[in-house]
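Residue numbers (the numbering used here), protein chains in the order written: chain A, 5 to 91; chain B, 581 to 1184.
Notes for the one structure printed next.
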Amino acid sequence: MSNKTKHWEKTRGLLFVTLAIWFVFSIGIFFFGTEMEASSFRPFGYPLSYYMTCQGSLLAFVILNFWFAGRQEKIDEEFGFTEREDS
Amino acid sequence: MIKGKFIDNLPKVYGIYTGGFIGFIILMAIAEQMGMSAKAIGISFVVFTIAIYAIIGWLSRTLQMDAYYVAGRQVPTVFNGMATAADWMSGASFVAMAGGIYFKGYGYMALLVGWTGGYILVSTLLAPYLRKFGCYTVPDFVGTRYGGNAARLSAVLVLTVASFTYVTAQINATGTIASVALDIPFKIAVYVGLASILLCSMLGGMRAVTWTQVAQYIVLIIAYLLPVFWISSKMGAGFFPHLMLGDEVARIAELESQFGFVKNSAADLATVPKGLAGITKAHSSVNGTSWGFISLAICMMAGTASLPHVMMRYFTTPSVKSARRSVAWSLLFIFILYSTAPMLATLSKLSLIDPTLSTGIIGKSIAEVQAIDWYQNWNQANLMFVSDFNGNGTLELNEFFMGGKAVVLATPEIAGLPYVISGLVAAGGMAAAMSTADGLVLAIANALSHDLYYKIIDPKAEAAKRLIVARVLLVIIGFAGATIAAMGIQGILGSVIWAFDFAMSGLFFPLVLGVWWKRANGPGAVAGMLLGLASGTWYLIWVRTGGAGFLGITQLTFGIVGASVSLVSMVVVSLLTKAPDAATQDMIDELRIPSGKTILGKQH
């Protein structure tokens, strides 16, 4: 298997992991809106459903995006596909 | 003074700028104490900020092709993040979103999830690869990847439909704010807004838009956060509203059950001025179906990843790596405002409806409310209305109506903040709407000048001529947008949501599969774009003209229909026709790794 193919396989793996986490926070949990609202876990005193939609999920996306960028850079480095600084 | 290249001095330049802007706010505050009129303060804020953007636009003028189209590809990661955030957060985010949340509560907060979650799709599926491609515009990618003018032209068509729907909403928003702040009629204010937008973009293209957008982000974020933190402290709700409004949210729920949501009769509602609404839905509790929430979020996420004016921003970074990092920074800068919007809606609602607060108006007598200064101002601006439907002399929850824009624009005044804050908010709203309109007008004009004029009509055109065509188109599109905005067909938030659905219908799958599916070919992409756009548009018209719709898909989520048709037709047609040739396959392999030369040359 060529270097490029291996690189792409790992990249695709990272994509699936990232999209799985994204799915949970953007779609998955909102199937359970009423259950979240009834939950006794209330971050900062907000109902959980309300908290997730106005802050929780948003924050998860921010962290996920930085994490993803870091992981992808590692993958590029591993296979020697990092850009030269001057290019 | 500043030595060396402009790019190396960015933190210093924008540091001085931010300091200067804060100095200006303080100066205005002092002037207000000394008796400067509210009107003069409003005008000063709007004129001062627009003058700064115009100066930046002038300083960034250029005659170079890659500076005009992609800002010379040298915008540093964090600054590109700021510019993208300003590009992204439109008049809808700034002026209308808190209002939407105020009226519709939990159900509308799907927009917050959608408009941030979409950035995961942008960074994982598209932005770094399109940066590696080295294109000037989004149709440039489609045209080269799929080959042929049909694909390029279809992409230009989808881009124009989506962006144009969006831009009329932004020009509408600049007009609204300019007419309130400068006290001129809306129909004239729209053209004042347009003139300021063109000042920023015409001479310097993407380079000018980039540096004005950074400046606009700084203005809009200060203008959005300052009043919210201030009101929160003033009400005793806590100095850091995001983490401290739990009790206030609970109090609203308590008041809601105490007042109840009384339904007004159609005859009563007919007397309410057009565009105003009352509170009819629960604030924090789940007030709709899961599917309603999720389908809206899906449309906004897929739309985010397909809107060309956002994607275009990531063409301006120096490398693929910085494009990817830049997406993360953009999202952080966006998060700062989006997480504040529901807090503003909460504070605004509570200060109006809680009878135990001095600002509360529900439960007061109608005559008393009608005598309040701010009520009279905003009633005159056609953004507030009360009426004694049940004839008992006191104001009930269902008898108070407000325009969506008033939540952001009027709350500082209602909460008793000095007028300087209202002036600041007007400048912020103007910055938000202008920055997005700039990006959109440029996206359309660039697609038409680069992809339609240069690539299809006259491939031999010289650089100077191409840049003139680009600028002429910019002006024409701006005027067309302003003319339609002046007619005021659809509200700000509504047209913005439509734009996302259009973009998603036609472009989402052709773009994503272009990178992730080697077998995708030209005929498939053309079918995907055209059938997606056509079916989405058909569904919208059908539902708007009284059609029942299916699967709970509404006029706000018609992108689900369009994108599904687009995916199916693209896959089917691709598989029925020839696989892309070896050269295209190699190009895709090359596209998938960050290192090496861009696919398209520096000048193309």
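In this text, a Cβ means the ideal position worked out from N, Cα and C, and glycines have one as well.
Have a look at the options and flag the residue whose alpha-carbon is nearest the alpha-carbon of residue i.
i, options, result
"L778/B", "I751/B, G685/B, T717/B, Q1165/B", "I751/B"
"K944/B", "T1016/B, S910/B, S967/B", "S967/B"
"F713/B", "T696/B, L733/B, R653/B, L691/B", "R653/B"
"Y746/B", "M1014/B, K1158/B, I1036/B, K1177/B", "M1014/B"
"S845/B", "Q838/B, L737/B, G858/B, F839/B", "G858/B"
"I798/B", "A833/B, L1004/B, I946/B", "L1004/B"
"V852/B", "M982/B, A1083/B, D1018/B", "M982/B"
"T1016/B", "A618/B, G773/B, I587/B", "G773/B"
"D1166/B", "V1153/B, V1095/B, S1154/B", "V1095/B"
"A666/B", "I802/B, M614/B, T756/B", "I802/B"
"A42/A", "F34/A, S53/A, F48/A", "S53/A"
"A1023/B", "Q950/B, R1051/B, A678/B", "R1051/B"
"M645/B", "K592/B, G785/B, F586/B", "G785/B"
"I994/B", "G1009/B, A1025/B, K929/B", "K929/B"
"G728/B", "W1122/B, G1061/B, D1031/B", "D1031/B"
"L1136/B", "K1098/B, G872/B, P998/B", "G872/B"
"M881/B", "I606/B, V675/B, A690/B", "A690/B"
"I630/B", "I1173/B, T1063/B, D1169/B, G1009/B", "G1009/B"
"L937/B", "A1114/B, P807/B, G1112/B, I811/B", "I811/B"
"D1161/B", "I1077/B, S1175/B, R1099/B", "R1099/B"
"P1195/B", "P765/B, C879/B, E612/B, Y682/B", "As shown, chain B starts at 581 and ends at 1184. That puts residue 1195/B outside it, with no answer to give."
"T1134/B", "P656/B, A1043/B, Y1119/B", "Y1119/B"
"R16/A", "G84/A, T86/A, F72/A, E87/A", "F72/A"
"R637/B", "A775/B, Y726/B, G685/B", "One point to set straight first is that residue 637/B is Gly, not Arg, in the sequence displayed. The candidate whose alpha carbon is nearest that of G637/B is A775/B."
Below 8 Å between beta carbons: does that hold for residue i and residue j?
i, j, result
"A753/B", "L762/B", "no"
"L68/A", "T22/A", "yes"
"G818/B", "M824/B", "yes"
"V718/B", "R732/B", "no"
"Q796/B", "Y633/B", "yes"
"L876/B", "G694/B", "yes"
"P821/B", "F839/B", "no"
"G984/B", "G679/B", "yes"
"R787/B", "T664/B", "no"
"A961/B", "V702/B", "no"
"L887/B", "A1083/B", "yes"
"G1116/B", "S1154/B", "no"
"F915/B", "V66/A", "yes"
"L911/B", "T696/B", "yes"
"L1113/B", "T724/B", "no"
With a 10 Å radius around its C-beta and 16 neighbouring C-beta atoms as the bar for buried, classify residue i as buried or exposed.
i, result
"Q793/B", "buried"
"L1156/B", "exposed"
"G622/B", "buried"
"R1124/B", "exposed"
"G971/B", "exposed"
"G74/A", "exposed"
"A1163/B", "exposed"
"T9/A", "exposed"
"S781/B", "buried"
"D80/A", "buried"
"G671/B", "buried"
"Q76/A", "buried"
"L639/B", "exposed"
"E828/B", "buried"
"K854/B", "exposed"
"M662/B", "buried"
"I582/B", "Its pLDDT being 49, under 50, I582/B is placed unreliably by the model, and the measurement read from it follows with that caveat. With fewer than 16 other Cβ atoms within 10 Å, it is exposed."
"T939/B", "buried"
"N660/B", "buried"
"D90/A", "Note that D90/A scores 46 on pLDDT, short of 50, meaning its location in the model is unreliable and no value can be drawn from it."
"G1190/B", "This structure does not reach residue 1190/B, given that chain B is present from 581 up to 1184, and the question cannot be answered."
"P1174/B", "buried"
"M1067/B", "exposed"
"D953/B", "exposed"
So, do the region 1139 to 1157 of chain B and the region 1098 to 1117 of chain B have three or more beta carbon pairs nearer to each other than 8 Å? yes
Secondary structure, alpha helix (DSSP H): runs of 4+ residues fully inside the region 908 to 965 of chain B: 921 to 933, 946 to 950, 953 to 960
Give a yes or no on contact between the region 877 to 896 of chain B and the region 703 to 710 of chain B, applying the rule of three or more CB pairs nearer than 8 Å. yes
Do three or more CB pairs link the region 595 to 608 of chain B to the region 729 to 746 of chain B at distances below 8 Å? no
Contiguous alpha helix (DSSP H) assignments of at least 4 residues, all confined to the region 621 to 673 of chain B: 645 to 650, 657 to 668
I'd like to know if the region 24 to 38 of chain A and the region 865 to 877 of chain B are in contact, where contact means that at least 3 CB-CB pairs between them fall below 8 Å. yes
Ignoring anything shorter than 3 residues or poking outside the region 679 to 731 of chain B, list the beta strand (DSSP E) runs there in chain order. none
Unbroken alpha helix (DSSP H) runs of length 4 or more, entirely within the region 1017 to 1085 of chain B: which are they? 1043 to 1067
Could you tell me which uninterrupted beta strand (DSSP E) segments, each at least 3 residues in length, are contained entirely in the region 9 to 67 of chain A, listed from first to last along the chain? none
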